[in-house]
Every structure is written in structure tokens, then in C-alpha cells.
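Notes for the one structure printed next.
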Amino acid sequence: MSSTLRSNFLRTQIQADLDSGTVSEVVTRFPPEPNGYLHIGHAKSITVNFGLAEQFGGRCNLRFDDTNPEKESQEFIDSIQEDVRWLGYTWSGDVRYASSYFQQFYEWALHLIDRELAYVCDLSADEAREYRGSLTEPGRNSPYRDRSAQENRQLFEAMRAGEYEDGSRVLRAKIDMASPNINLRDPILYRIRRAHHHQTGDAWPIYPTYDFAHGQEDAIEGITHSICTLEFEDHRPLYDWFIAHLPVPNTPRQIEFARLNTSYTITSKRKLKLLVDSGTVEGWDDPRMSTIAGLRRRGYPPAAIRHFCEEVGTSRSDSVVDVAMLESAVRSHLNNHAPRAMCVLQPLKVVLTNVSKTEYLTVANHPADDSMGQREIPFGPVVFIDQSDFREEANKKYKRLVVGKRVRLRGGYVIEADSCKKDANGEVLEVRARVIENTLGVDPADGIKPKGVIHWVAADTAKVATVRVYDRLFLEANPTKADDVLEVINPHSLTVVNNALIEPALSSAHPEDVFQFEREGYFVADRHLHSPENPVFNMTIGLRDAWGNDA
Ligand code: ATP
Ligand code: MG
């Protein structure tokens with residue numbers, strides 16, 4: 001085990017199973033239903049499942065739990081594979097599908113029927129609900145519960161042959177209608193649904209339930225540890241019941257852990273879909289989305305996401321993790337790995353009255369990592385700085401450019417402002433300034449030091465870029481608590497800056513390259529839209545946590 005990994009109950013359990021010889025090779029699986037894009041919660045599950053396999057020298061399958069064809073699609077199958085790969089994991093063998101075991105599940109259903117452990121029930125959904133009882137009252141036996149094995153087999157075969165209406169009958173396990181665990185009150189194994197399936201087409205008019213499918217999928221694949229989230233804890237007795245009563249080739253073991261929830265985030269595919277369908281965001285991979293595809297498009301490095309998932313730990317108690325912790329993992333990764341560059345978001349023209357020609361300045365791409373190299377940036381008679389970096393007058397706390405005062409241009413000379421031009425409203429239109437000679441990398445000879453350092457671009461070589469600045473998508477720390485998530489949307493979550501100016505080298509950035517724009521934050525070249533002719537950058541994250549948390 002790598003020394004950076006902390007112990008947790010899953011690791012302890014697996015180690016114990018290996019030590020006792022209960023298992024010889026650890027086999028886990030990540031089993032998404034392809035009914036949406038994966039989100040940050042799934043990233044946790046991915047790192048847990050693939051991580052455990054990696055750590056114990058085992059393997060991890062990627063299996064689509066595709067038993068609900070109406071809500072599933074190839075788009076989701078594709079995006080999920082892309083997300084897992086992007087996070088840095090390789091699944092064992094081919095991608096697997098629960099649907100490829102449908103015939104086996106069907107035969108196992110017949111196996112239960114033949115042993116009088118399953119029956120076809122004709123109660124309507126409303127009736128079945130009434131018979132089920134409640135948390136405080138036991139259920140009652142269905143009037144169809146005592147059908148003979150022979151009759152059940154014949155009815156179930158007819159269900160499979162498509163002879164009955166959708167919803168008219170179900171196959172149920174015969175367990176215990178008085179069980180305090182409602183999941184054991186004769187749960188449904190199969191429903192009649194004439195739904196076209198993305199993998200099996202129209203071959204099946206009946207579909208197994210999650211409960212009947214999941215453990216058997218694990219058993220077929222030789223999964224040793226079936227790790228899932230806590231809401232399945234009450235299903236575990238049922239999971240074990242199927243494994244005990246079916247001739248499965250292997251006995252997987254279900255272990256639950258707490259879901260990952262982060263503040264200001266939605267971790268439900270259904271609710272994320274609502275944001276997409278309502279047009280609140282621009283798609284599943286909108287950089288404001290907590291989908292893995294959204295985080296990717298936002299410039300979050302996969303290593304930072306993995307690190308965060310490890311840092312939050314794995315436990316059995318539900319909690320909400322401050323999203324600032326994820327942001328902090330992203331920020332510290334990028335601080336080490338993102339090259340520096342300059343981009344001016346709100347340009348203000350500065351005419352340098354004593355500069356007449358363009359020269360090239362050599363600057364380091366990273367202040368602490370020489371291996372990232374250097375680049376040449378053009379400097380000339382006119383530069384642009386950010387509007388917020390100039391004031392005609394200011395007090396001592398303002399460490400930027402002020403008339404009569406000095407600042408250093410990042411990687412360049414010290415300049416001193418002489419005057420400014422304003423419009424009728426007093427808005428500054430242009431600053432006139434001078435370069436103080438011989439100040440590249442050294443303080444002015446007259447001993448009057450610059451007040452600070454500001455970023456800039458040279459006017460004649462700068463390129464225009466679109467920069468999309470993001471804020472949190474939700475106004476509430478717990479958006480899922482709101483009756484309607486659309487009610488707590490931050491109306492200012494996106495600001496598009498169309499006329500930002502970037503240093504010329506940035507236009508040849510590759511999509512997904514992330515930079516620290518000096519003094520502004522981290523920005524990524526958009527995966528889909530960025531090109532040298534039309535540079536588009538998305539804000540990944542600010543330099544500091546602007547939300548008052550300790551990052
Ligand atoms: P959603 O409600 O968003 O659809 P789900 O649990 O229904 O989530 P699945 O596709 O069934 O989504 O999930 C695949 C795996 O990811 C499951 O093992 C599930 O337990 C796990 N998972 C889902 N959400 C989280 C989460 N927030 N934290 C940790 N694991 C999660
Ligand atoms: Mg689900």
C-alpha cells in the first residue's frame with residue numbers, strides 16, 4: 001500500500017479477506033446506470049473501486065447496469081467510458097453490460113420458480129402497495145402467492161413470450177411478507193415492459209429489477225467486493241438471499257460506504273438532467289456543472305479530483321463536504337503545474353511616451369519550475385493593463401498604477417504614470433506613462449521603488465479572446481434541499497468577456513491547456529470552441545478562495 005493512502009474500513013476489510021484467504025484476487029466493479037452523465041459523486045465511487053483494485057493488485061470492471069432501457073442511451077454509455085478513462089483508470093477486459101446476462105437471469109428466475117421461491121403475481125400496482133404494509137405494519141400475502149411451480153413457470157414463460165400487457169403481471173420472490181425489512185416482502189424480480197433496449201433491441205418484453213440483477217451480475221463476473229453506497233444497506237439481505245438461493249459461480253460480498261456530497265453541488269443525475277433540459281446550463285458538460293465532463297471542461301485536472309476523493313476519506317456516515325476543499329485541491333495542483341501567461345480582461349490603454357520600438361522580453365513560464373521553460377513576450381509603445389489596475393489618485397493601500405507613482409509590468413520594466421484622459425463621465429480612457437530606464441529585473445537607480453506588479457499585454461501583438469468567467473451555479477449551499485433547484489440558481493453564474501486581450505503565445509494553446517493568467521486566476525482553453533483564430537478560455541478557478549473559506 002502506498003504510504004500516501006490512509007487506512008479506511010474498506011481497505012481494512014479487503015486486507016482481512018486476503019489475509020484469511022477468503023479471496024485470492026480482489027475484483028471490484030464500477031456499475032453506473034447509463035441514464036445521465038457521471039458527477040463528482042461518481043468520481044468518488046470510481047476512485048474507490050478502481051483505486052482498491054489498483055492498490056491490492058486486483059482488477060476492476062466497468063459494467064453498465066442497463067436494466068431500465070427507457071432512460072438509457074448510447075450517448076451516456078459513451079460519455080461514461082470517456083469520463084472513467086479521463087480520470088485515469090483502465091477497466092479490466094471489455095466493457096460489460098448487465099443486459100448481456102439477461103438470458104442467465106431469466107434461467108435463474110425459472111430456477112427460483114421451480115423451487116417455489118418465486119411466483120407470478122397479478123395484483124395491480126395499487127393493490128400490491130396496499131398488500132406490502134408499512135414500516136410499522138406487516139404486509140399480507142398476495143392471493144397469487146400459492147400458485148403451483150408448474151403454473152408459475154407457464155405464466156412466466158408466457159410473460160417472456162410477450163403474451164401479456166405491460167404492467168399486467170410481475171414475477172416476485174417468495175420470501176416473507178411479514179419481514180421488518182420491506183425489501184424482503186416478496187420483492188419484484190421482473191416486470192413486463194415492451195421497451196426497446198439500446199443493447200438487446202426488442203428481444204425482451206420483460207426486464208429484471210435492479211435488486212434481482214445486481215448481485216447476480218457481480219457473481220457472474222467474479223466480483224469479490226461489491227462496493228455501493230449506504231442506501232443499499234437495507235437491500236443487502238436480499239442481495240445475499242439471491243446469492244444463497246441461486247447456483248451462482250461465486251459469492252460476492254456487498255459493502256456500503258457513505259455517498260460523497262459537496263456543498264453548492266448537485267449529485268443526482270435526475271436533477272442535473274433538469275438543469276440541461278430546462279436550458280439553465282448549456283449542456284451536460286457546461287463548465288458550471290458538477291458532472292465529470294463539466295469539471296473537465298472547466299479545467300479541473302483529473303489528478304486533483306483523484307486527490308480530493310482520497311482526501312475526503314471513505315466512511316459510513318453521511319456528510320456534506322465543503323466544495324472549497326475540491327477547489328483547493330484544484331488550485332494547489334494548478335499552482336504547481338499551470339504555466340503562467342497574461343490576459344487583460346478589461347483593457348485600459350497605456351501609452352508609453354518614451355518607447356518607440358517593439359522588443360521581446362524573456363520571461364519564465366513558471367516562477368518555481370524551470371523545467372517549464374521560458375517564452376518571449378513582445379513589449380512596445382502601447383500596452384493594455386486592466387482597468388482596475390489604474391487610478392488617478394489613490395491611498396497607500398492601492399499598490400497599482402497611480403498618476404505620479406510607479407508599478408512594474410510583470411516580466412518587464414517599471415513604469416510611472418504621468419496623466420490620464422477621461423470622458424465626460426470621468427471614465428478613464430487612456431493613461432500616459434513612461435518607462436523608467438534600466439529596470440528590467442532591477443529596481444530603479446533613483447531608489448524610488450514600484451508599488452506593485454501588474455499584468456499587461458502589448459497592444460500591437462495582443463489577440464482578442466473570449467473569456468468565460470464563472471461563479472457558483474447555486475445561491476444555496478444545499479441546492480437539493482430547495483423544492484425546485486431552478487429557484488436557487490445564481491443569475492450571475494456566467495459572465496462572458498468578449499474583448500479580453502491575450503499575449504500572442506496564448507492563441508496557439510491547445511484545447512484543455514490550463515494557464516494561470518497572472519493575477520486573475522486559472523483558465524483553460526475550451527475543449528470544443530478554442531482555436532487560434534477564435535481563442536476561448538473558461539475560468540477554472542480564482543487564485544484565492546473568494547468565499548471566505550480557508551483554502
Ligand atoms: P444518481 O442518483 O446520480 O443517478 P446513482 O447512484 O443512481 O446516482 P448509478 O449510476 O447507479 O447512479 O451509480 C453508479 C455507482 O456510483 C453506484 O455504485 C453508486 O453507489 C455510486 N454513486 C452514485 N452517487 C454517488 C455519490 N454521491 N458518492 C459516492 N458514490 C456514488
Ligand atoms: Mg441510479
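Quick note on the numbering used here: the sequence shown kicks off at 1 and runs consecutively. Glycine included, each C-beta is placed from N, C-alpha and C at the ideal position. Treat the numbers as computed from the prediction; the structure is a model and nothing was measured.
Residues of its chain near residue i, where Cβ-Cβ distance is below 6 Å and the 5 sequence neighbours each way are ignored
i	result
ALA500	CYS343, LEU345, ALA465, VAL467
GLY542	GLY521
GLY88	PRO302
TRP108	LEU246
ASN250	ALA219, GLY222
PRO444	VAL414, ILE436
VAL320	ASN261, SER263
ASN534	none
GLY139	TYR131, ARG132, GLY133, MET177, ARG185
PHE9	none
Presumed contact (8 Å Cβ cut-off) between residue i and residue j, rounded CB distance
i	j	result
LYS451	LYS405	6 Å
TYR239	GLY222	The Cβ separation is near 16 Å, so there is no contact.
TYR190	ILE206	5 Å
VAL350	ALA458	10 Å between Cβ atoms; not a contact.
LEU123	SER142	6 Å
THR314	SER290	So it is not a contact: roughly 19 Å between Cβ atoms.
GLY36	LYS397	About 49 Å; that fails the 8 Å criterion.
ASP552	LEU348	Residue coverage of the chain in this structure runs from 1 to 551, which leaves residue 552 outside it and unanswerable.
Nonlocal neighbours in the same chain, by C-beta distance under 7 Å from residue i, ignoring five residues either side
i	result
ILE448	ARG406
ALA394	VAL402
ALA16	none
GLU282	none
ASN549	Note that ASN549 scores a pLDDT of 49, beneath 50, so its modelled location is shaky and nothing firm can be said.
VAL248	GLN216, ALA219
MET575	The first residue shown for the chain is 1 and the last is 551, placing residue 575 beyond what the model contains.
ILE14	VAL26, LEU52, PHE56, HIS225
For residue i, three-class secondary structure by DSSP
i	result
MET539	strand
LYS44	helix
LEU18	helix
ARG298	helix
ILE243	helix
VAL330	helix
PRO205	coil
GLU157	helix
TRP456	strand
HIS528	coil
GLU127	helix
ASN335	helix
SER3	Residue placement at SER3 is flagged as unreliable, the pLDDT there being 46, under the threshold of 50; the coordinate-derived value follows with that caveat. Here SER3 sits in coil by DSSP.
LYS598	Since the first and last residues shown for the chain are 1 and 551, residue 598 lies out of range.
ASP386	strand
HIS366	coil
VAL351	strand
TYR413	coil
TYR106	helix
LYS269	helix
ARG253	strand
ALA118	strand
Below-8 Å beta-carbon distance, residue i vs any chain C residue
i	result
ASN181	Although the question refers to chain C, the structure presented lacks it and comprises just one protein chain.
Residues near residue i in its chain [Cβ-Cβ closer than 8 Å; skip 5 each side]
i	result
ALA551	Any reading at ALA551 needs caution, since the residue's pLDDT is 37, under 50, leaving its predicted position unreliable; the model's value is listed next. Excluding residues within five positions, the ones whose Cβ falls inside 8 Å are ALA324, GLU327, SER328, ARG331, ARG544, ASP545.
PRO237	ASN181, ASN183, LEU184
SER317	ALA258
TYR101	ALA213, GLN216, GLU217, ILE220
SER3	Because the pLDDT of SER3 is 46, which lies under 50, any placement of that residue in the model is unreliable, and the number read from its coordinates should be weighed accordingly. Here the set comprises nothing.
ASN490	ASP471, ARG472, LEU473, PHE474, LEU475
beta-carbon residue i near the ligand ATP non-hydrogen atom, thresh 7 Å
i	result
LYS269	yes
GLU221	no
LYS349	no
LEU260	yes
HIS39	yes
SER45	yes
PRO479	no
CYS309	no
HIS225	no
CYS60	no
ASP285	no
THR229	yes
ASP65	yes
HIS42	yes
GLU33	yes
GLY36	yes
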